[in-house]
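Under the working numbering, the first residue of the sequence shown carries the number 50, and numbering increases by one thereafter.
Cβ atoms here follow ideal geometry from the backbone N, Cα and C, with glycine treated the same way.
In this text, all values refer to a predicted model and were calculated from it rather than measured experimentally.
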Amino acid sequence: MNIKPFKLERYYTVNEFSAKYSLCNSDSEAMTINDLLSFESDAKDKFHNLWLGYTESKGHPELRRDIASIYSVIVAESLLVCAGAQEPIFLFSRGNLNSEDEVIVQSPCYQSLQSVPESIGCKVSNWNVKYEGAKPTFDIEELKNMVTNKTKVIYLNTPHNPTGFHFSKEEQEAIIKIARINNIIIFCDEVYKESEHHPEYAIPSFADAYENGVSVGVMSKSYGLPGLRIGWLTSQNAKILEKVAILKEYTSICNSAPSEFLAGVALRNRKKILERNLNIIKDNLPLYDQFFDRYSNLFSWHKPNAGPVVLVKLLFDTDDMGFAEKVLKEQGVLLLPGGVYDYPGFFRIGFGRTEIPEALEQFEKYVVKNLMT
Ligand SMILES: Cc1ncc(COP(=O)(O)O)c(C=O)c1O
50 MNIKPFKLER YYTVNEFSAK YSLCNSDSEA MTINDLLSFE SDAKDKFHNL WLGYTESKGH
110 PELRRDIASI YSVIVAESLL VCAGAQEPIF LFSRGNLNSE DEVIVQSPCY QSLQSVPESI
170 GCKVSNWNVK YEGAKPTFDI EELKNMVTNK TKVIYLNTPH NPTGFHFSKE EQEAIIKIAR
230 INNIIIFCDE VYKESEHHPE YAIPSFADAY ENGVSVGVMS KSYGLPGLRI GWLTSQNAKI
290 LEKVAILKEY TSICNSAPSE FLAGVALRNR KKILERNLNI IKDNLPLYDQ FFDRYSNLFS
350 WHKPNAGPVV LVKLLFDTDD MGFAEKVLKE QGVLLLPGGV YDYPGFFRIG FGRTEIPEAL
410 EQFEKYVVKN LMT
């Protein structure tokens, strides 16, 4: 298989654990196993007595029931538990596409949504973000005109990494209408679902809303538990899931038993965990508001209504990769340059972590020293 290196993940592999401060992570603040187990009085005892044999390839039936409780139409039988979100993204494309197919990808994107179809030989068309001032938008009419009789899948991600964009219910319905008329699968990466900043911004999962919708969910982002490596793929269309289940027997076979148990505890207590994580986002956003207000001649940003990331535009003459490198070298602060998304002139920031106030203070020191002369 010929596949491009994953630029963003390469960047994190090199820098994430050596940087002193990070201003760009896309997950919520994590917690310890102890913190998680304390949500249920008998969880500690059950965890210590857990059987470490192989697990069911589709995922433990109880865990699938806990996951299904997030959805309205999707049931436990329409879910396949996988290793994080990356495994189902990879396996969905490898299992459901062939080289004659065309796909449309909402862009810029988390690279596997594009590089895996490319590795199969599919023609990939990019449905690109547009900026109205600092606000990102996606033009539904443009999407409609991009569809051909070979389009097999439309890849979406909402809330969106990296722009912070989130579809409204009306936009979602319009996209589903286009897909339904043309018999196209919608694959939606929903790893940031349930991190809408206000309940009014929540929209249904594409797997609930569309009979040929496929949704990916994960414990990594809104729940802040990426170390579990538990995610899932879900669809009302059993044939799509079956193709993934067959390939999974070549990759992870089944999931980690301790992780499945812990994911179940987290999901049964998800309202409390989501509230904790949303409060961190709500504490961090005003700091960015004030910061970008102070430096509005250097950066332009828009406050998103969902998710833990947003793209910031550089308003002075610099290259984003070089800028991020200098900030890291001089001040120890990790930024994510737009270049890793092939989207230069921007950098991504995150606001899901408790370290943001300190990291932002350090970034401001760099700005004052180097950009205010
Ligand atoms: C949009 C998106 N999809 C998928 C993933 C992969 O998630 P995981 O680490 O849970 O496999 C990420 C991680 O950053 C992401 O941002």
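- Task: Flag G144 as yes if its beta-carbon sits less than 9 Å from any beta-carbon of chain B, otherwise no.
- Result: The chain inventory of the structure shown lacks chain B, comprising one protein chain alone.
- Message: Please determine whether the Cβ atom of A312 lies at a distance below 8 Å from any heavy atom of ligand 1.
- Response: Taking the first residue of the sequence shown as 1, we reach residue 312 at position 263. No, since every heavy atom of ligand 1 falls outside the 8 Å radius drawn around the Cβ of A312.
- Query: On the three-state DSSP scale, how would you describe V124?
  - Reply: Reading the sequence shown from its first residue, position 75 is the one you call residue 124. The answer is coil: DSSP assigns V124 none of H, G, I, E or B.
- Message: Is E136 a contact residue of ligand 1, with contact defined as CB to any heavy atom under 8 Å?
- Response: Sequence index remark: in the sequence shown, residue 136 carries index 87 (1-based). Flag set: Cβ of E136 near ligand 1.
- V263 in three-state terms, based on DSSP: One-based indexing of the sequence shown puts residue 263 at position 214. It is a strand residue.
- Task: With DSSP collapsed to three states, give me the class of F236.
- Result: Position 187 of the sequence shown, counted from the start, is the residue given in the question as residue 236. Strand, per DSSP.
- Considering only residues of the region 122–196, which uninterrupted beta strand (DSSP E) runs meet the minimum length of 3 residues and lie entirely inside it, listed in chain order? The region 122–196 contains these whole beta strand (DSSP E) runs: 128–131, 151–156, 172–177, 179–181, 184–186.
- Task: Figure out for me which residue from S174, E149, A223, S308 has the closest Cα to the Cα of T104.
- Result: Translated into positions along the sequence shown, residue 104 becomes position 55. Of S174, E149, A223, S308, the residue nearest in Cα terms is S308.
- Message: As a quick exercise: from M195, A125, E260, pick the residue whose alpha carbon is nearest that of E222.
- Response: If you number the sequence shown from 1, residue 222 lands on position 173. With respect to the C-alpha of E222, the residue from M195, A125, E260 having the closest C-alpha is E260.
- Task: Could you check how far apart the C-beta atoms of P211 and R59 are, in whole angstroms? I think they sit under 8 Å.
- Result: The residue given as residue 211 occupies position 162 in the sequence shown. The residue given as residue 59 occupies position 10 in the sequence shown. Contact flag wrong, Cβ pair sits at about 16 Å.
- Task: Give a single yes or no on whether P29 has its beta carbon closer than 8 Å to a heavy atom of ligand 1.
- Result: The structure shown does not extend to residue 29, since the chain spans only 50 to 422, so no value can be given for it.
- Same chain, Cβ closer than 8 Å to S164, five either side skipped, listed in chain order: Translated into the one-based positions of the sequence shown, residue 164 becomes position 115. Cβ within range, chain order: I52, K53, F55.
- Message: Quick check: what's the CA-CA separation for P166 versus G144?
- Response: As a working note, residue 166 is residue 117 in the sequence shown. As a working note, residue 144 is residue 95 in the sequence shown. Note on geometry: alpha-carbon atoms of P166 and G144 lie some 10 Å from one another.
- Query: Is any heavy atom in ligand 1 found nearer than 8 Å to the beta carbon of S161?
  - Reply: Working through the sequence shown from its first residue, we reach residue 161 at position 112. Yes, the beta carbon of S161 sits closer than 8 Å to at least one heavy atom of ligand 1.
- Message: For F372 and P386, I'd like the C-alpha separation in whole angstroms.
- Response: The residue you call residue 372 lines up with position 323 of the sequence shown. The residue you call residue 386 lines up with position 337 of the sequence shown. Taking the straight line from one Cα to the other gives about 8 Å.
- May I ask whether a heavy atom of ligand 1 can be found less than 8 Å away from the beta carbon of V361? Mapped onto the sequence shown, residue 361 falls at position 312. No, the beta carbon of V361 sits no closer than 8 Å to any heavy atom of ligand 1.
- Using only the heavy atoms of ligand 1, determine whether one of them is closer than 8 Å to the beta carbon of V265. Working through the sequence shown from its first residue, we reach residue 265 at position 216. Within the chosen limit of 8 Å, ligand 1 reaches the beta carbon of V265 through at least one heavy atom.
- Query: Alpha carbon to alpha carbon, what distance is there between S217 and I252?
  - Reply: Taking the first residue of the sequence shown as 1, we reach residue 252 at position 203. Taking the first residue of the sequence shown as 1, we reach residue 217 at position 168. Approximately 7 Å, taken between the alpha carbons.
- Message: Below 8 Å, is the gap between the Cβ of R278 and the nearest heavy atom of ligand 1?
- Response: Residue 278 sits at position 229 when you count from the first residue of the sequence shown. When distances are taken from the beta-carbon of R278 to the heavy atoms of ligand 1, the shortest one is below 8 Å.
- Query: Just checking my contact of L409 with F365 at CB under 8 Å: how many whole Å lie between their CB atoms?
  - Reply: Position 360 of the sequence shown, counted from the start, is the residue given in the question as residue 409. Position 316 of the sequence shown, counted from the start, is the residue given in the question as residue 365. Contact flag wrong, Cβ pair sits at about 19 Å.
- Item | G388 Cβ short of 8 Å to ligand 1 heavy atom set | Position 339 of the sequence shown, counted from the first residue, corresponds to residue 388. No, the beta carbon of G388 sits no closer than 8 Å to any heavy atom of ligand 1.
- Item | Residue interval of the alpha helix (DSSP H) (run including V63) | On the sequence shown, position 14 is the one that residue 63 refers to. Residues 56–64.
- List in chain order: all unbroken alpha helix (DSSP H) runs of 4+ residues lying wholly within the region 258–306. Those alpha helix (DSSP H) runs which fall completely within the region 258–306 and span 4+ residues are 287–297.
- Query: Do you know offhand how far E243's Cα is from S161's?
  - Reply: Looking up residue 243 in the sequence shown gives position 194. Looking up residue 161 in the sequence shown gives position 112. Taking the straight line from one Cα to the other gives about 22 Å.
- Please report the residue range of the alpha helix (DSSP H) in which I116 lies. For this step, residue 116 is matched to residue 67 along the sequence shown. Segment 110–117, the alpha helix (DSSP H) holding I116.
- Would F66 be called buried (16 or more neighbouring beta carbons within 10 Å of its own) or exposed? Taking the sequence shown and counting its residues from 1, the one referred to as residue 66 is at position 17. Exposure of F66 is indicated by the presence of fewer than 16 other C-beta atoms within 10 angstroms of its C-beta.
- Task: Can you say whether G388 is buried or exposed, counting buried as having 16 or more other CB atoms within 10 angstroms of its CB?
- Result: The residue given as residue 388 occupies position 339 in the sequence shown. Under the 10 Å beta carbon count, G388 is surrounded by 16 or more other beta carbons and is classified as buried.
- When DSSP builds the beta bridges, which residues end up paired with L455? One cannot answer for residue 455 here, as it falls past the ends of the chain, which runs 50 to 422.
- Message: Give me the residue from N231, S142, E374, L112 with the minimum Cα distance to L129.
- Response: Within the sequence shown, residue 129 is the residue found at index 80, counting from 1. If we check each option's Cα against that of L129, L112 comes out closest.
- In this structure, does DSSP put P386 in helix, strand or coil? The residue you call residue 386 lines up with position 337 of the sequence shown. Residue state, collapsed to three classes: strand.
- By how many angstroms is the C-alpha of Q155 removed from the C-alpha of S301? Position 252 of the sequence shown, counting from 1, holds the residue named residue 301. Position 106 of the sequence shown, counting from 1, holds the residue named residue 155. Per the coordinates, the alpha-carbon of S301 lies some 28 Å from the alpha-carbon of Q155.
- Check whether the region 404–418 touches the region 68–77, counting contact only when three or more Cβ pairs, one atom from each stretch, lie closer than 8 Å. Result yes; three or more Cβ-Cβ pairs closer than 8 Å.
- Message: Quick check on G399: does DSSP put it in helix, strand or coil?
- Response: Along the sequence shown, read from residue 1 onward, the residue named residue 399 stands at position 350. Of the three classes helix, strand and coil, the one that applies to G399 here is strand, per DSSP.
- Message: Please report the distance separating the alpha-carbon of G182 from that of T207.
- Response: Here residue 182 corresponds to residue number 133 of the sequence shown, with the count starting at 1. Here residue 207 corresponds to residue number 158 of the sequence shown, with the count starting at 1. If you take the alpha carbons of G182 and T207, they lie about 21 Å apart.
- Do Y60 and ligand 1 come close, with the Cβ less than 8 Å from some heavy atom? For the purposes of this step, residue 60 is taken as the residue at position 11 of the sequence shown. It does not: the Cβ of Y60 is nowhere closer than 8 Å to a heavy atom of ligand 1.
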